[in-house]
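Read through the structure below, which is laid out as structure tokens, and then see the notes.
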Amino acid sequence: MVGEILGILGKVAGGVADRIFPDPEQELKRIELQQALQAAVLERTSEIERAAAEVVKAEAQGQSWLQRTWRPITMLVFVGLIVARWLGWSAPNLGEAEVLKLWDIVEIGLGGYVIGRSAEKVLPAIVQSMKKS
Numbered sequence: 731m732v733g734e735i736l737g738i739l740g741k742v743a744g745g746v747a748d749r750i751f752p753d754p755e756q757e758l759k760r761i762e763l764q765q766a767l768q769a770a771v772l773e774r775t776s777e778i779e780r781a782a783a784e785v786v787k788a789e790a791q792g793q794s795w796l797q798r799t800w801r802p803i804t805m806l807v808f809v810g811l812i813v814a815r816w817l818g819w820s821a822p823n824l825g826e827a828e829v830l831k832l833w834d835i836v837e838i839g840l841g842g843y844v845i846g847r848s849a850e851k852v853l854p855a856i857v858q859s860m861k862k863s
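Residue numbers (this note's numbering): 731 to 863.
Okay, here's the thing in structure tokens:
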């Protein structure tokens, strides 16, 4: 999900840079601007991912049982609803649109956790290497 957003923002940044520096002699400036914009987006994304990871970490270390387990319980409920649909045990008024929304929630929930943990480990190294070059 974050990779898709970065890809889209990179293309937009490239398009803006192409319009600002249309002269072929200005190609180096365009590339530098594009890299600077991509680095800024990557750094902001890293900050957002770190903040999200801190929230999850704080909840996991919370005093209350409910505070520590509400995310996993919520995800299990949504997964249970999807599995029930596969087995034919769904509510008669639960349409395809609602099932697709449940899938989106499960993808965001699981993806957010996995991406947050991965970004926590990988993005600082990427940002550091970009600052060196």
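In this text, a Cβ means the ideal position worked out from N, Cα and C, and glycines have one as well. Since the structure is predicted, the reported quantities are computational estimates derived from the model, not experimental observations.
- Annotation: the continuous alpha helix (DSSP H) that includes W816 extends over 795 to 816.
- With fewer than three CB-CB distances shorter than 8 Å, the segment 785 to 801 does not count as touching the segment 765 to 777.
- Straight-line spacing of the CA atoms in I835 and G737 works out to 22 Å.
- In the three-state scheme derived from DSSP, where H, G and I count as helix and E and B as strand, P822 is classed as coil.
- Residue nearest to A743 within the set Q764, W816, K759, P754 is Q764 (criterion: CA-CA distance).
- The alpha-carbon of M805 is positioned some 35 Å away from that of L767.
- DSSP, reduced to helix, strand and coil, places Q791 outside both helices and strands of the structure shown, so it counts as coil.
- Cα atoms of V746 and R801: separation of roughly 40 Å, rounded to the nearest angstrom.
- A straight-line Cα-Cα distance of about 53 Å links K759 and L811.
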